[in-house]
Amino acid sequence: MAWQDTLLDASFRGIPIQIERVGRAGDRAVAEHQYPYTAGAELEDMGLGPRRVRVRAVFFGDDYESELQQFVDALELPGTGDLVHPIHGLMTVMATSWEDEHDADFVDGAVVHVIFTEDSVRELVFSESSTSTMTDAIASGAQSCRASADDALERFVGSTSFDLPRISVLTDAFSQAQSYVGRILSITGSSGLLLSALDPLLYPRAYAADLVATVDRAFQGLSFGGRSAVYEGPAVALTAVSAIADFNVVRTQLAPATLVLLPNVPVPSAAMLTDVAIVQAHARVHCAAAIAEAAAIVLAGEADVPMLQRKDIEQLTAQTRTTCQIAIDAARSALSPEASGQASTALATLAWQVQEAARAVINLRPPLVQRESPVSGPVRLVAHAMYGTPDRASELVALNQLGRQVLIERGDVLYAYAR
């Protein structure tokens, strides 16, 4: 189909335009890398540049002056506007240059030459807002993990008939799991926790809710370096050391690997061992979800105020993924195929969410480069010379592990952020 069959009525910002000629041009951004005593250059493709549309518009008739003025007013408005290209359709553009001309041979008319540059908004892969969304998704993922484990426990309790010896073993296993999760309260100094204390065999959901309430109460006693929104203790300053220390408290006290439940009988039957393994797998999933939530608190704080080193973020992520893997192994070995599949998928998704949030936090920072110290003096003076503020001295100390080093000589090579 020829273009004259699909020609559109051209306009800019709603002002109709009579177009005599229109053209579209583009270019490619190319970086040239040349080397001494070497002929030629290496070309690096940096992507396409903006498209430019050249328009020759014509205004004529008895009232052409008012139409011309309306068009010029539209061109002079700031920002981008909608251009209806007669061939290519709607485009978001900015009028970068224009010129109107009057000719003696063109009575009661004028010609306007306009160059429009097409606007394309760059989609950021990692930005601060997306990082916040990622850390929020970790909390949602942790809830999904707990829900899958709770469903499996409820189906197991509701569909199985237990004799008295198995009931005794199961009741003791539930008590062991609750004691294991509850020991974090003594570390955080949290008190005033009210639990349902209902029989887990009759009310498995209430038992699971008690585990969640225990973890939530413990989190209220941890500041995570001033990053926790639910912290109820005295005001604390933002510190990287405290953030990692509080995360390690959660990780060590709720470590799934050390959560081992034992039957309270000398010679347990195979059914008893299976029952205890299911309770243990359920508790391990809850512990892994809590550790992931602790990691999310630290990562969310890093997105707002970067303080940790990259190796700290990588270590935190690796430790969280390890706990998720331990919980996955427990679910696969103890739960039914359907239940283990749901729990494993939720845990794998949770581990991936933590990894992606950590990657986003790392990519928020400027590139790490090596720079020579421009001055001799204490680290605060060097930070002022590099960044224009002495407040980033702690950043240089952390990146270069300066410790108690007092003076830095001019020309010393330091690790520093590019900006």
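Numbers in this note's numbering are just positions in the sequence shown, counted from 1, shifted up by 42. Don't be surprised by glycine CBs; every beta carbon is placed ideally from N, CA and C. Source: prediction; values computed, not measured.
The C-beta distance from residue 285 to residue 347 rounds to 10 Å, too long to meet the 8 Å contact threshold.
Setting aside the 5 residues that flank it on each side, residue 377 is surrounded in the same chain by 194, 320, 323, 385, each with a C-beta closer than 7 Å to its C-beta; the list follows chain order. DSSP, reduced to helix, strand and coil, places residue 447 outside both helices and strands of the structure shown, so it counts as coil. In its chain, beyond the 5 residues on either side, 327, 331, 388, 389, 392 have a beta carbon closer than 6 Å to the beta carbon of residue 187. Around the beta carbon of residue 149, fewer than 16 other beta carbons lie within 10 angstroms, which makes this residue exposed. In this structure, 136 is the residue among 143, 136, 431 with its C-alpha nearest to the C-alpha of residue 54. Beta bridge pairing from DSSP links residue 90 with 70. Scanning its chain for C-beta atoms nearer than 8 Å, with the 5 sequence neighbours on each side dropped, one finds around residue 59 the residues 52, 53, 97, 99, 113, in chain order. Taking residue 89 as the centre and dropping the five residues before and after it, the same chain places the C-beta of 71 closer than 7 Å to its C-beta, in chain order.
Contact check for residue 158 against residue 119 fails: the beta carbons are separated by 7 Å or more.
Fewer than three pairs of CB atoms, one per stretch, sit closer than 8 Å, so the stretch 196-206 makes no contact with the stretch 364-374.
Looking at the DSSP output, residue 125 shares a beta bridge with 54, 133. Only residues of its own chain outside the window of five on either side were considered, and among them 261, 264, 339 have a CB closer than 7 Å to the CB of residue 270, listed in chain order. With a cut-off of 8 Å on Cβ pairs, the stretch 222-236 is in contact with the stretch 288-300, counting three or more such pairs. Distance check between residue 257 and each of 372, 191, 325, 318 places 325 closest, using alpha-carbon atoms only. Distance from the CA of residue 250 to the CA of residue 406, rounded to the nearest whole angstrom, comes to 37 Å.
Judged by DSSP secondary structure, residue 153 falls within the beta strand (DSSP E) whose first and last residues are 151-160. Secondary structure at residue 81: coil, using DSSP grouped into helix, strand and coil. Taken atom to atom, the span from the alpha-carbon of residue 419 to that of residue 77 is near 36 Å. Taking residue 433 as reference, the option from 422, 310, 439 with the minimal CA-CA separation is 422. CA-to-CA, the gap between residue 239 and residue 248 works out to about 8 Å. In this model, residue 450 and residue 412 are separated by some 15 Å (Cα to Cα). Shown here, residue 61 sits in a strand according to DSSP, grouped into three states. In the DSSP annotation of this structure, the continuous segment of the alpha helix (DSSP H) that includes residue 372 starts and ends at 352-376. The shortest CA-to-CA distance from residue 360 to any of 396, 410, 105 is the one to 396. Spatial neighbours of residue 313 in its own chain (CB-CB distance under 7 Å, excluding positions within 5 residues in sequence) are listed in chain order as 208. For residue 410, there is no enclosing alpha helix (DSSP H); the enclosing beta strand (DSSP E) covers residues 410-414. At a Cβ-Cβ threshold of 7 Å, residue 403 and residue 344 count as neighbours. Around the beta carbon of residue 144, fewer than 16 other beta carbons lie within 10 angstroms, which makes this residue exposed. Checking the DSSP bridge columns, you'll see residue 258 has no partner listed. One Cα belongs to residue 259, the other to residue 190, and the distance between them is close to 22 Å. Put simply, of 228, 127, 235, 454 the residue whose alpha carbon is nearest the alpha carbon of residue 48 is 127. Around residue 106, the same chain offers 150, 151, 152 as residues with beta carbons nearer than 7 Å, after the five sequence neighbours per side are excluded.
Here the alpha carbons of residue 161 and residue 110 stand approximately 24 Å from one another. Annotation for residue 174: 342, 345 place their beta carbon closer than 8 Å to its own, counting only its chain and skipping 5 residues before and after. The DSSP-derived three-state label of residue 426 is helix.
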